[in-house]
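Asks: By this note's numbering, the letter at position 129 of the sequence shown is numbered 129, and the numbering carries on one by one without gaps.
Every residue gets a Cβ at the ideal spot worked out from N, C-alpha and C, and that includes glycine.
Computed from a prediction, not measured in an experiment: that's the story for all the values here.
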Amino acid sequence: MTAIFDSAAEARLAALAERARDELAATAFATKPWVTPRYENSERIADVAIIGGGQSGLFLGHALARAGVDNIAVLDRSPQGYEGVWETYARMHEIRSPKEVSGGEGAIPSLSVRSWFIARHGRAAWDAIERVPRTDWMAWLRWYRSVVDVPIENDIAVTDIDFDADGVTLETRKAGAVGKVRARLVVLATGMDGGGRWTVPSFIENALPPARYNHTSDIIDVKALVGKRIGILGAGAAAFDMAVAALVAGAASVDMFMRRPRLPLVDLVRDFETAGHLGHAHELSDETKWALSSLLGGLSQSPAEHHFNKAWSFDNFRMHLGSPWETIGMDGDAITVTTPKATFRFDHVVAATGVTVDMALRPELRRIAAHAALWRDRFVPPADDPAPGRLGFPYLNRSYQFQPRIPGEAPGIERIFAFNALGAMSMGGISQVSISSHKFGLPRLVRAITGLLFREQEAGILSSLARERPPSIRIESRIRAALGMAED
1 MTAIFDSAAE
11 ARLAALAERA
21 RDELAATAFA
31 TKPWVTPRYE
41 NSERIADVAI
51 IGGGQSGLFL
61 GHALARAGVD
71 NIAVLDRSPQ
81 GYEGVWETYA
91 RMHEIRSPKE
101 VSGGEGAIPS
111 LSVRSWFIAR
121 HGRAAWDAIE
131 RVPRTDWMAW
141 LRWYRSVVDV
151 PIENDIAVTD
161 IDFDADGVTL
171 ETRKAGAVGK
181 VRARLVVLAT
191 GMDGGGRWTV
201 PSFIENALPP
211 ARYNHTSDII
221 DVKALVGKRI
231 GILGAGAAAF
241 DMAVAALVAG
251 AASVDMFMRR
261 PRLPLVDLVR
271 DFETAGHLGH
281 AHELSDETKW
291 ALSSLLGGLS
301 QSPAEHHFNK
311 AWSFDNFRMH
321 LGSPWETIGM
331 DGDAITVTTP
341 KATFRFDHVV
351 AATGVTVDMA
361 LRPELRRIAA
371 HAALWRDRFV
381 PPADDPAPGR
391 LGFPYLNRSY
401 QFQPRIPGEA
411 PGIERIFAFN
421 ALGAMSMGGI
431 SQVSISSHKF
441 GLPRLVRAIT
451 GLLFREQEAG
461 ILSSLARERP
471 PSIRIESRIR
481 AALGMAED
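#1: Rounded to whole angstroms, what's the CA-CA distance from Ala-334 to Ile-416? Just pull it up for me.
#2: Where does Leu-274 sit, in a helix, a strand or coil, going by DSSP?
#3: The beta strand (DSSP E) with Ile-335 in it runs from where to where?
#4: Helix, strand or coil for Lys-180, going by three-state DSSP, please let me know.
#5: Use the C-beta contact count for Ala-11: other C-beta atoms within 10 angstroms, 16 or more gives buried, fewer gives exposed.
#6: What separation, rounded to the nearest whole angstrom, lies between the Cα atoms of Val-147 and Ala-139?
#7: Spatial neighbours of Thr-36 within its chain, please: C-beta separation below 7 Å, excluding the five flanking residues on both sides.
#8: Take the Cβ of Met-485 as the centre, count every other Cβ of all protein chains shown within 10 Å, and call the residue buried at 16 or more, exposed below.
#9: Run the CB neighbour count on Ile-475, radius 10 Å, all protein chains shown included, and call it buried at 16 or more, exposed below.
#10: Which of the three DSSP states is assigned to Ala-90 in this structure?
#11: Could you tell me the distance, in whole angstroms, from the CA atom of Leu-268 to the CA atom of Ile-108?
#12: Confirm, please, whether the CB-CB distance from His-93 to His-280 is below 8 Å.
#13: Under a three-way DSSP split, which group does Ala-30 fall into?
#14: Could you name the residues that DSSP lists as bridge partners for Trp-198?
#15: Thinking just about the alpha-carbon of each residue, which of Thr-343, Leu-483, Glu-287, Lys-439 is nearest to the one in Ser-112?
#16: Tell me which residues share the same chain as Asp-331 and place their Cβ nearer than 8 Å to its Cβ, disregarding the 5 neighbours each side in the sequence.
#17: Apart from the five residues on each side of it in sequence, which residues of its chain come closer than 6 Å, Cβ to Cβ, to Ile-230?
#18: Start and end of the beta strand (DSSP E) containing Val-48?
#19: Per DSSP, which one or two residues make a beta bridge with Met-258?
#20: Is the region 15 to 27 touching the region 151 to 166, taking contact as three or more C-beta pairs under 8 Å?
#21: Could you pull the start and end residues of the beta strand (DSSP E) that Gly-167 belongs to?
#22: Identify every residue that forms a DSSP beta bridge with Asp-162.
#23: Quick one: give me the first and last residue of the beta strand (DSSP E) that Asn-214 is part of.
#24: Helix, strand or coil for Ala-343 per DSSP?
#25: Which residues bound the alpha helix (DSSP H) around Ala-239?
#26: Let me make sure I understand the geometry here. Which of Ala-28, Ala-67, Ile-72, Asp-22 has the alpha-carbon closest to that of Arg-44?
#27: In terms of DSSP beta bridges, what is Glu-40 paired with?
#28: Does the region 56 to 68 come close enough to the region 28 to 35 to have 3 or more Cβ pairs within less than 8 Å?
#29: Check whether the Cβ atoms of Ser-102 and Leu-278 lie closer than 8 Å to each other.
#30: Can Gly-84 and Gly-106 be called in contact, C-beta distance under 8 Å?
#31: Classify Thr-288 as helix, strand or coil using the three-state DSSP reduction.
#32: Buried or exposed for Val-181, going by 16 or more other Cβ atoms inside 10 Å?
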């Protein structure tokens, strides 16, 4: 948005924050802490550690606090205010989800992006948009954090995750120093690449110097693309975001290539945004979950309308359908790309080729990868749809928990929850990186966590209730005297 952030807008946001805190106070019943502290080596350990302080980790941290679980640790590798993708490598003009999406505000209307946006830009501006601009979404998340005060520790990376029957140990690195965080439960809230990595095809990596190619997930200095001929492999949403960034920066030309003969123009994800699917897809049979993943895996995400049209507004933008890259190499200082239709010369290429989900690609997940049940361990796919990549997803239970590959072994692995892209197969089509999943996924995850914590302190419930405590009513001195009671 182009509205000026003036003192009036600042005052409206301050008033909104105060209203949100008032709504939090008005709905504070049964939010007091209740978890019995657990100590190891005389130190209290965290009840829950959340890896990732982006939107999922932020919302979850707040939701747990509202459920009376206040002893949490939220760890994020990015600097404060730059958690997640929105102001790092994301380039879209607006988020993909419709502006009505909700869930992160946790039933507190004044915490919603709608309330923030109207306070910031005005009701007319809200009515005029279909989706929230990307930078506004991040600004809302920063404001949200300031209001709910989730304790996020920034600039800290988790380098190893070990588990046992009693808890989970995280090895961390911050400013070169190695540390340790011990927790009873751990949640992976690490987004799209938290279970693998963004992947540049090997035929590009093997053919070109590293300085001559990127993945769309890289943080790219677009000023370096000025006057350059750019080739983009892929034609999904991220490809168009990259194309527009390069064209606006002043690239000499941008050529986009896709293998399929037709451009995907339908965003099927919107069909999943119902209370039925979002609330119950995790309950579907494995056969239906597999079929859904096959359907979604065979479709590319349609480009966002804004960047699709903006790319085509440049005369130096070209798109090539039915044009997979057959060969690529260097010819002098130029990159040559051959397709079934022609040969092209570029100065730089960008792979818009998505993410590979494979826990073995994440060093910190190696212990989980060695013992967690995968889909290949529990499901036999149809003969005409083997899809080995999808068989490598973890086979989670309905509460996002990892399960041991061999029942009875790997005690403690169920103390780790995958609230990221690793859950896509087991949750029935939409993983927790989707903003639209939060409305139903967050409460389910919170119930699973609080249920596990509560059951673990079952043995102490009766003794806790039997302890001596002061009277629940106030008694005047004369009545105390009449009853023979001592003064407080």
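Replies: With the structure as the only source:
#1: 48 Å
#2: One point to set straight first is that residue 274 is Thr, not Leu, in the sequence displayed. It is coil, neither helix nor strand.
#3: 334 to 338
#4: strand
#5: exposed
#6: 13 Å
#7: Gln-457, Gly-460
#8: exposed
#9: exposed
#10: coil
#11: 29 Å
#12: no
#13: coil
#14: Val-355
#15: Lys-439
#16: Arg-345
#17: Ala-246, Ala-251, Val-254, His-348
#18: 46 to 51
#19: Per DSSP, none; premise fails for Met-258.
#20: no
#21: 167 to 174
#22: Thr-169
#23: 213 to 215
#24: Sequence check: residue 343 is Thr here, not Ala. Here Thr-343 sits in strand by DSSP.
#25: 237 to 249
#26: Ile-72
#27: Glu-43
#28: yes
#29: no
#30: no
#31: helix
#32: buried
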